[in-house]
Amino acid sequence: MATAMVKTTYSLDLQTRRRLDDMARRWRVSRSEALRRAIQSAASEPGSGANETLRTLDELQSALQLDREHAAGWEKRVRRDRRSSAARREGRRP
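Quick note on the numbering used here: the sequence shown kicks off at 1 and runs consecutively.
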């Protein structure tokens, strides 16, 4: 069964284009096929994309033992410190 193809135009910097050409030559396929393979490979890597970012944030929060109560306290302190700093810059009392 034939796979539907969509003709698309992309702009690549010269170095990326050369790398794509090298991959295509090495694999003995067209540039389009080399690009498809590279995209499929990148998309199938575990931990890529937004899920990895969220997982990393969860790990950081866990390591810091950052729960809602602690986060709210931190936010309150930061806001107070920022107001105080801005007031000092403007020459007024916090």
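Built from N, CA and C at the ideal position, the CB exists for glycine as well.
- Distance from the Cα of aspartate 21 is smallest, within the candidate group Leu35, Tyr10, Arg83 and Thr9, for Leu35.
- Annotated three-state conformation of lysine 7 is coil, per DSSP.
- Shown here, alanine 72 sits in a helix according to DSSP, grouped into three states.
- Cβ-Cβ separation between arginine 31 and alanine 24: approximately 5 Å, consistent with a contact (criterion under 8 Å).
- Glutamine 65 carries a coil assignment under DSSP once its states are collapsed to helix, strand and coil.
- Under the three-state reduction of DSSP output, glutamate 33 falls in the helix class.
- The C-alpha of arginine 17 is placed about 52 Å away from the C-alpha of serine 84.
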